[in-house]
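A short worksheet on the structure shown next.
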Amino acid sequence: MDRQVEGQVVGYVRVSSVDQNPARQYEAIGDVDKWFEDKLSGKTRIRPSLEAMLSHVRDGDWVKVSSMDRLARSVIDLHSLVDGLVADGVTVEFLKESVVIGPCSNRPMDRLLLTVLGGIAEFERSIIRERQAEGIGVAKSRGVYEKPLSLTPAQIDIIRQRTDLGVPKAVIARELDVSRSTVYNALAGRGRYSDA
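In terms of this note's numbering, the sequence shown opens at residue 435 and continues consecutively.
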C-alpha cells in the first residue's frame, strides 16, 4: 500500500538483551530515514532510544515497528505510547499485525486490534513466566536446579593469589563484580563453594 508521509519515516527496534540479534526487525521494517534501537527489556518504559525517538518525531512523521511487543510489553504502555504519538500527529505502524494508527488512519478496527493483540501478547508473557516458575519449582524439589556459581575455579585461584598479595577483599569483590560475602565464601570453601 502506497502511503503519503509528510515527515520522516522512523524505525524503532528493540531486543531484550545485547546477545539478541535485531536483524529480522530491521529487515521487516525496511528503508527508513532514521533508526532507533534499544537493547533492553520492554518491561520498562525508560529506554534511551525510545525516549530519543519520542523526542525526535514530529507532526507528519511515520513510526514503523516490527510488532507491538517490540514497542511495549503491556496493553497500558502500548496505548499510552501510541496515544501520545498520535496526539503529536505521528502515525504508528505495526508490521506483523498490519495495524496502522495515526491522525488520518485511526480506524476503529485498528484500535480494537491494538487492544486485543496487545492483550494476547501480554497474556502469553504471563503464561510463559508462570510455566517457567513452575518448572523451576519442580526442578528445585527434585534437587536438580541451582543457579550457576558467580565465580569459576580460575577466578577463585585469582582471589587466593590477590589475597596473598595483600589486596583487600572488598577491592577484589569490586573487580570481579561480586559481593564480599561471595569472595569470603569462595576463600573459605563455604556454602556453594564447598566443592570448588
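Idealized CB from N, CA, C, for every residue including glycine. If you're wondering where the values come from, they're calculated on a predicted model, not measured in any experiment.
- Taking the CA atoms as reference points, Arg563 sits about 11 Å from Glu556.
- Scanning the segment 510-598 for uninterrupted alpha helix (DSSP H) segments of 4 residues or longer gives 542-575 and 587-598, listed from N- to C-terminal end.
- Taking Gly553 as the centre and dropping the five residues before and after it, the same chain places the C-beta of Val509 closer than 7 Å to its C-beta, in chain order.
- Contact check between the segment 466-473 and the segment 515-535: fewer than three CB pairs, one atom from each, fall below 8 Å, which does not count as touching.
- An exposed status is given to Arg576, since fewer than 16 other beta-carbon atoms sit within 10 Å of its beta-carbon.
- The C-alpha of Glu531 lies about 15 Å from the C-alpha of Val447.
- In this chain, Glu440 is not harboured by any beta strand (DSSP E), its DSSP state being neither H nor E.
- Straight across, the Cα-Cα distance linking His490 with Val516 is about 15 Å.
- Per DSSP, the continuous alpha helix (DSSP H) segment holding Val605 begins and ends at Lys603 to Leu610.
- Shortest Cα-Cα distance from Leu551 to any of Arg565, Gly523 and Val533 involves Val533.
- By the neighbour-count definition (other C-beta atoms within 10 Å, threshold 16), Leu512 is a buried residue.
- The criterion of a C-beta distance shorter than 7 Å is satisfied by Ile463 and Gly445.
- Distance from Ile593 to Val617 at the Cβ level is roughly 6 Å; contact confirmed, criterion being Cβ atoms closer than 8 Å.
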